[in-house]
Every structure is written in structure tokens, then in C-alpha cells.
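Everything in the sequence shown is counted per the working numbering, starting at 35 for the first residue and increasing by one.
Positions of the beta carbon are idealized from the N, C-alpha and C atoms, including for glycine.
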Amino acid sequence: MTDFAARLERVAQNPEVFTSFGRGVERETLRYELDGNLATTPHPTELGSAYANSWITTDFSESLLEFITPVSKDIGTLKAQLEDIHHFTQTKLGDEKMWPLSMPCYVGSEDDINLAQYGTSNSGKMKTLYREGLKRRYGSLMQIISGVHFNFSFPETFWDQLFGQQSEQERQTAKSEEYFGLIRNYYRFGWLIPYFFGASPALCSSFIQGRDTKLPFESIGGTLYLPYATSLRLSDLGYTNSAQSALKIGFNSLDEYLTGLNTAIRTPSEEFAEIGVKVDGEYRQLNSNVLQIENELYAPIRPKRVAKSGEKPSEALARGGVEYIEVRSLDVNPYSAVGINEDQVRFLDLFLAWAALSDSEPMDFCEQSCWRDNWNKVIVEGRKPGLELQIGCKGEVLTLQAWAKRVFVELVQIAEQMDQANGNEEYQKVCFKLLSWIDNPELTISGQLLEDTKRLGGLGKVGCEFGKQYREQHLTHQYRTYSEAEMEAEVVRSREAQAAVEAADTLSFDEFLDDYFAYLKA
Numbered sequence: 035m036t037d038f039a040a041r042l043e044r045v046a047q048n049p050e051v052f053t054s055f056g057r058g059v060e061r062e063t064l065r066y067e068l069d070g071n072l073a074t075t076p077h078p079t080e081l082g083s084a085y086a087n088s089w090i091t092t093d094f095s096e097s098l099l100e101f102i103t104p105v106s107k108d109i110g111t112l113k114a115q116l117e118d119i120h121h122f123t124q125t126k127l128g129d130e131k132m133w134p135l136s137m138p139c140y141v142g143s144e145d146d147i148n149l150a151q152y153g154t155s156n157s158g159k160m161k162t163l164y165r166e167g168l169k170r171r172y173g174s175l176m177q178i179i180s181g182v183h184f185n186f187s188f189p190e191t192f193w194d195q196l197f198g199q200q201s202e203q204e205r206q207t208a209k210s211e212e213y214f215g216l217i218r219n220y221y222r223f224g225w226l227i228p229y230f231f232g233a234s235p236a237l238c239s240s241f242i243q244g245r246d247t248k249l250p251f252e253s254i255g256g257t258l259y260l261p262y263a264t265s266l267r268l269s270d271l272g273y274t275n276s277a278q279s280a281l282k283i284g285f286n287s288l289d290e291y292l293t294g295l296n297t298a299i300r301t302p303s304e305e306f307a308e309i310g311v312k313v314d315g316e317y318r319q320l321n322s323n324v325l326q327i328e329n330e331l332y333a334p335i336r337p338k339r340v341a342k343s344g345e346k347p348s349e350a351l352a353r354g355g356v357e358y359i360e361v362r363s364l365d366v367n368p369y370s371a372v373g374i375n376e377d378q379v380r381f382l383d384l385f386l387a388w389a390a391l392s393d394s395e396p397m398d399f400c401e402q403s404c405w406r407d408n409w410n411k412v413i414v415e416g417r418k419p420g421l422e423l424q425i426g427c428k429g430e431v432l433t434l435q436a437w438a439k440r441v442f443v444e445l446v447q448i449a450e451q452m453d454q455a456n457g458n459e460e461y462q463k464v465c466f467k468l469l470s471w472i473d474n475p476e477l478t479i480s481g482q483l484l485e486d487t488k489r490l491g492g493l494g495k496v497g498c499e500f501g502k503q504y505r506e507q508h509l510t511h512q513y514r515t516y517s518e519a520e521m522e523a524e525v526v527r528s529r530e531a532q533a534a535v536e537a538a539d540t541l542s543f544d545e546f547l548d549d550y551f552a553y554l555k556a
């Protein structure tokens with residue numbers, strides 16, 4: 035029996051393991067106008083405070099909405115929460131709609147992209163200044179690309195089955211080690227996610243205005259596309275930072291990761307220093323290091339722990355170890371009104387469980403370079419027949435299809451156990467559906483979307499067509515998890531919470547920033 039099979043058998047002895055995964059979703063979407071242009075209006079006041087609303091906030095810009103669900107253990111509940119949040123939001127948008135694609139709608143000028151505002155508190159002003167820094171470093175267009183982040187954790191029963199009785203410290207250490215093993219396997223084989231679910235093979239030509247690209251784009255009207263691309267959102271054109279490619283951040287242990295991260299936030303950047311930090315009395319960025327703060331690290335997956343008040347993400351990890359992981363490589367699914375569907379969630383359940391239960395050797399920087407190459411190949415030409423990938427610097431070279439089928443042999447084994455625990459066959463159905471996509475790339479989401487883009491005559495027309503359908507769907511939706519009263523109560527609570535923070539400030543903004551970044555001088 036292989037190590038994988040033995041570990042799977044061990045955890046499967048308690049069926050509760052496979053019915054208690056913790057899941058949460060963060061979905062981003064742009065507000066846009068009737069003509070398909072980016073909305074330039076402020077974040078609607080009827081949605082409450084973007085600073086403090088638990089469910090509805092903004093990301094980079096005032097027009098970039100972000101919806102956040104709490105953690106739940108039931109996939110149907112997760113979907114219902116998202117649908118309720120979308121419904122409430124759409125009722126407050128008037129004629130504006132939510133853009134159903136990852137790549138932005140038509141943007142006439144970067145000046146149309148207004149930075150997100152979070153009020154007059156020091157922490158609120160810092161959030162906006164961080165975005166000012168991103169704007170000056172990378173441009174605003176890159177920052178309004180939308181994605182879906184999937185937060186995932188195993189239940190304690192999973193660790194009980196895997197490790198047996200442990201002290202609290204032993205358990206904390208073991209969980210962190212296993213989550214980093216998962217992360218390494220995610221880097222090795224996570225290109226399956228953009229292959230199956232990548233949804234940005236094309237982009238509006240306005241997105242690359244004034245930017246050089248060597249990619250051999252073809253065009254349909256005002257749309258540029260690559261014939262075999264899966265997720266241009268994840269490419270060098272999308273949400274990336276070339277300055278970070280030189281960072282040495284390892285994933286072999288929590289200590290190694292934190293050491294690399296803490297070095298990165300202290301590493302000066304000559305390029306960003308030229309921008310200036312505070313010029314003529316106006317701040318331009320938080321600092322001129324490669325990373326202003328930890329959140330600027332662009333990664334397809336992150337180890338996470340819920341932070342206490344005033345605690346930085348790395349401080350939370352150092353205190354309590356890894357609590358959950360955040361999958362960040364999902365494009366917005368244009369065939370779902372809420373940007374993600376239940377099949378995707380079930381695949382992520384399977385894949386993340388497989389990544390945790392499979393052997394995961396330490397990964398050196400040479401192997402990191404190899405997986406980056408694999409991801410880039412899949413992102414730009416993942417549907418190309420016969421595309422070859424190499425796993426590890428001296429590893430085998432096989433076609434994408436051959437590697438995928440190897441992984442699915444074991445994913446099917448997990449699916450059988452999960453279905454037995456849940457009393458249905460939903461996980462196996464997802465496996466067999468996606469298996470058919472391996473040899474038929476036109477069935478993948480990027481394949482379907484490119485076909486629709488050609489059929490309708492451009493990405494803008496696809497976005498407007500789907501956006502119109504989903505607007506009606508959101509408006510006619512009936513609450514399933516929340517209620518209108520609960521949503522309105524959160525609006526009021528969020529405004530009061532923001533006002534309380536603003537009233538409690540005692541430091542000047544300069545003093546606040548000095549205090550916040552005191553650790554950089556230590």
C-alpha cells in the first residue's frame with residue numbers, strides 16, 4: 035500500500051472528516067454601467083461602510099466590490115450565502131450591474147479608476163494609501179482584475195485520524211507542517227486549476243493601452259485573445275509583480291516561509307524608491323521596499339491564521355501556526371452568477387485533500403522555478419494539444435494530459451470515500467466530468483468562453499450579455515440564509531463601527547505610520 039493510500043484509509047475511518055471541511059469565499063466584481071463601461075460612482079452608501087461591513091467591501095477601487103462569506107461546512111450554505119449577498123447588493127445598485135468576468139470591462143482611462151476610500155481614521159487612510167502605492171508601482175488597470183479566493187481548512191477530526199493524541203504544541207506544529215506540504219504539492223500540480231477553471235483567455239484591448247507585450251494576440255473587434263490561453267489574469271499581463279520574482283521565499287516550513295517574508299518586507303527597491311514616499315507633503319506609498327506590507331506578496335496560495343486586533347498576518351502565523359489556506363488562483367467563473375459553482379468547490383475539496391495526503395518532498399528554489407514554468411505554460415497555452423510539463427528540475431517530462439490523469443487516479447479514490455461519507459455520488463461525478471475535460475480542452479471554462487467570445491463578437495458583448503442575465507437573476511432571488519433585515523442591520527452596524535474607530539484616533543497620521551512600521555527599524 036502506498037503512503038497516500040495508507041493515509042487516506044486512516045482518515046477515512048472517521049466519515050466526519052469528509053463532511054466538516056471549513057470553506058469560505060471572497061469574490062471580487064466590478065460595478066459597470068449600461069454601456070459596458072466601468073462605473074465611476076463612489077461605493078454605494080446603501081451598502082454601509084466598506085471599512086467595516088462583514089460581507090460587502092471594496093478591494094482596490096471604489097468600483098471593485100468584494101463579497102466575503104463566513105466559514106461554513108456545507109457547500110449549499112456557502113452558495114446560498116453568496117447568492118444572498120449578491121441579491122442585496124444588486125438591489126442597491128440602480129442601473130449598474132456586476133461584471134461577470136475576471137478581466138475588466140472597457141476602461142477609457144486609468145483616471146476613471148478611483149481608489150477605494152475607507153473614511154478618516156488612520157487605519158482607513160492607511161488602506162487607501164496602500165492602494166495609492168499599488169497604483170504608482172503597477173498601474174491601476176492591473177489592480178481591478180477580479181478573482182475568487184477560496185479559504186479552506188481541515189476539521190480537527192482530520193488531524194486526530196492522521197496523528198492521534200497530541201499536545202497542543204505538537205498539534206500546532208504538525209498542522210503547519212502538513213499545510214506546507216499541501217502548499218508544495220499545490221505549486222507542483224495546482225496548474226490543474228487554471229487548466230480546468232481559467233476564465234480569461236481574452237481581454238479588452240483597453241487593458242493593455244500603452245503597455246508593451248510580446249504575446250502573439252489575435253483579435254475579435256476590440257478583444258485580444260490567445261488561442262490556447264486559460265488564464266491571462268495569472269500571466270505577466272495580470273496580477274503579478276516582476277520585482278518579486280527575485281525574492282527567495284521557501285515553503286518547506288513555517289520558519290522558512292516567515293524568514294523569507296520578513297526579509298522581503300525589509301528589502302529596499304531602487305525602482306520604488308524613485309517614486310518617493312512622501313513628496314511635497316503628500317504620501318505616495320507606505321514605504322519603498324519590495325513589499326509595502328505582507329499583503330502585497332502575490333501568490334497562488336497563502337498560509338493563513340485569523341489575526342487578533344492589531345496583529346499582522348505573519349505575527350498571527352508565528353503565534354499560532356497555520357490555521358487555514360487561501361487559494362488565490364481562481365478566475366471568476368462567467369457561467370455562475372456568483373463567480374464560482376459547486377463543482378469547483380468539490381474539486382478544490384478533492385485536490386486540497388489529495389495535496390495534503392500525498393507525499394510532499396522539500397522544494398528547493400530550482401524546483402520553484404520549474405513549477406513557475408509549468409504554470410506559465412498552462413496559463414498561456416494550456417489547451418494546446420501535446421503541451422509538455424516537467425515536474426521538478428530533473429523530473430519526468432510528460433504531457434499535461436498524462437500528468438493530470440496520474441493525479442486523477444488518486445482523486446477518484448478520495449472521491450469515493452467522500453461520497454460514502456456524504457451519502458451521494460457528487461464528488462465522483464465531478465471527477466468523471468473533469469476527466470472528460472482533460473482530453474477535450476474545448477470543454478474547459480476558457481474553451482467555452484473563447485467560443486462564446488467569437489460567437490458574440492467580443493468579450494465586452496459576452497460580459498454585457500451575461501451581466502444582464504445575472505442582474506435579473508440577483509433581483510428575483512429570494513433570501514435563503516440571511517434576511518433583508520440582517521443585511522440592513524449590518525449596514526447600520528458597519529457605519530457605527532467605522533465612526534467609533536474614527537472617534538478613537540489619538541495619533542496624527544504620521545505618528546500612526548511610524549508606530550505601525552516600527553518593526554522595520556528593529
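Note to self: Here's the rule I'm using: 16 or more other beta-carbon atoms within 10 Å means buried, otherwise exposed. How should Q326 be labelled?
What the structure shows: Label assigned to Q326: buried.
Notebook entry, point to check: In terms of residue numbering, what span does the beta strand (DSSP E) encompassing K495 cover?
Noted result: Where K495 is concerned, there is no enclosing beta strand (DSSP E), although the alpha helix (DSSP H) it sits in stretches over L493 to T510.
Next item on the list: To the nearest angstrom, report how far apart H77 and I90 are at their CA atoms.
Entry: The alpha-carbon atoms of H77 and I90 are separated by roughly 10 Å.
Next item on the list: Can you tell me which of Y504, P228, G82 and Q243 puts its alpha carbon nearest to the alpha carbon of I472?
Entry: With distances taken between CA atoms, I472 lies nearest to P228 out of Y504, P228, G82 and Q243.
Margin query: Within 10 Å of its beta-carbon, does R417 have 16 or more other beta-carbons around it, so buried, or fewer, so exposed?
Written below: Classification of R417: buried, given that the 10 Å Cβ count is 16 or more.
Item checked: Span of the alpha helix (DSSP H), counted from its first residue to its last, around Q454 -> Annotation: the continuous alpha helix (DSSP H) that includes Q454 extends over L434 to N456.
Note to self: Buried or exposed, going by whether 16 or more other CB atoms sit within 10 Å of the CB of A387?
What the structure shows: When all chains shown are included, A387 counts as buried.
Next item on the list: Count the other CB atoms, across all protein chains shown, that sit within 10 Å of the CB of L72; report buried if there are 16 or more and exposed otherwise.
Entry: By the neighbour-count rule (16 or more Cβ atoms within 10 Å), L72 is buried.
Notebook entry, point to check: Rounded to whole angstroms, how far is the Cβ of R362 from the Cβ of R336, which I believe are closer than 8 Å?
Noted result: Between R362 and R336 the beta-carbon gap is near 7 Å, inside 8 Å, which marks them as a contact.
Check: Exposed or buried, what is L547 when buried is set at 16 or more other beta-carbons lying within 10 Å of its beta-carbon?
Finding: Buried.
Check: If you count every other CB in all the chains shown that lies within 10 Å of the CB of C238, and 16 or more means buried, which is it?
Finding: A residue is called buried once 16 or more other Cβ atoms fall within 10 Å of its Cβ, and C238 is buried on that count.
Notebook entry, point to check: When the Cα atoms are used, what is the spatial distance from V414 to T478?
Noted result: Straight-line Cα distance between these residues: approximately 14 Å.
Check: Taking the alpha-carbon positions, what's the S54 to K107 distance?
Finding: Their Cα atoms are separated by approximately 5 Å.
Next item on the list: Identify every residue that forms a DSSP beta bridge with N71.
Entry: Its beta-bridge partners are Y140.
Check: With which residues is A114 paired in a DSSP beta bridge?
Finding: Beta-bridge pairing links A114 to no other residue.
Margin query: Assuming the contact rule is C-beta atoms closer than 8 Å, L483 and T257 should be a hit. Round their C-beta distance to whole Å, please.
Written below: With a Cβ gap of about 11 Å, L483 and T257 do not count as contacting.
Next item on the list: List the residues that DSSP assigns as beta-bridge partners of P337.
Entry: Its beta-bridge partners are I359.
Next item on the list: Would you list, in sequence order, the uninterrupted alpha helix (DSSP H) runs of no fewer than 4 residues that lie entirely inside the region 131-209?
Entry: Listed in chain order, the complete alpha helix (DSSP H) runs (minimum 4 residues) inside the region 131-209 are 156-172, 174-177 and 190-197.
Next item on the list: Return the Cβ separation of S234 and S392 in integer angstroms, given the expectation that the two are a contact with Cβ distance under 8 Å.
Entry: Actually they are not in contact, since the Cβ atoms of S234 and S392 sit about 29 Å apart, beyond 8 Å.
Margin query: Pop quiz: E100 and T111 are said to be a contact at Cβ under 8 Å. What is the actual Cβ separation, rounded to whole angstroms?
Written below: 20 Å between Cβ atoms; not a contact.
Next item on the list: Would you check if the distance between the CB atom of V366 and the CB atom of G501 is smaller than 8 Å?
Entry: Cβ distance not < 8 Å, so V366 and G501 don't count as in contact.
Checklist line | DSSP-derived helix/strand/coil call for A307 | finding: Annotated three-state conformation of A307 is helix, per DSSP.
Notebook entry, point to check: Could you check where the alpha helix (DSSP H) with Y550 kicks off and where it finishes?
Noted result: Annotation: the continuous alpha helix (DSSP H) that includes Y550 extends over F543 to Y550.
Notebook entry, point to check: Would you call the region 351-360 and the region 165-179 in contact, with 3 or more CB pairs under 8 Å?
Noted result: Pairwise C-beta distances place the region 351-360 out of contact with the region 165-179, as fewer than three of them are shorter than 8 Å.
Next item on the list: Check Q319 in the structure and name its three-state DSSP category.
Entry: Correct three-state label for Q319: coil.
Note to self: Using beta carbons (cut-off 8 Å, strictly below), is G420 in contact with chain B?
What the structure shows: Here there is only one protein chain, and chain B is not present.
Checklist line | Beta-carbon gap between Y317 and L163 smaller than 8 Å | finding: L163 is positioned such that its CB atom lies closer than 8 Å to that of Y317.
Next item on the list: Could you pull the start and end residues of the beta strand (DSSP E) that R57 belongs to?
Entry: Unbroken beta strand (DSSP E) run through R57: G56 to Y66.
Margin query: Applying the 10 Å Cβ sphere with the 16-neighbour rule, what's the burial state of E518?
Written below: Under the 10 Å beta carbon count, E518 is surrounded by fewer than 16 other beta carbons and is classified as exposed.
Check: So Y213 packs on I359, CB below 8 Å; how close in whole Å?
Finding: Y213 to I359, Cβ: 6 Å. Contact.
Next item on the list: For the region 283-294 and the region 392-404, state whether three or more C-beta atom pairs, one from each stretch, are separated by less than 8 Å.
Entry: The region 283-294 vs the region 392-404: in contact.
Checklist line | Residue from P49, L42, G70 and R65 with nearest C-alpha to C498 | finding: It is G70.
Margin query: Would E330 and P347 qualify as a contact pair, given that the criterion is a beta-carbon distance under 8 Å?
Written below: Cβ atoms of E330 and P347: not closer than 8 Å.
Check: Who does A236 pair with in a DSSP beta bridge?
Finding: According to the DSSP secondary-structure assignment, A236 is paired through a beta bridge with Y259.
Notebook entry, point to check: For F94, does the three-state DSSP call read helix, strand or coil?
Noted result: Here DSSP, grouped into helix, strand and coil, assigns F94 to coil.
Margin query: Assuming E328 is part of the beta strand (DSSP E), what are its boundary residues?
Written below: For E328, there is no enclosing beta strand (DSSP E), as DSSP marks it with neither H nor E.
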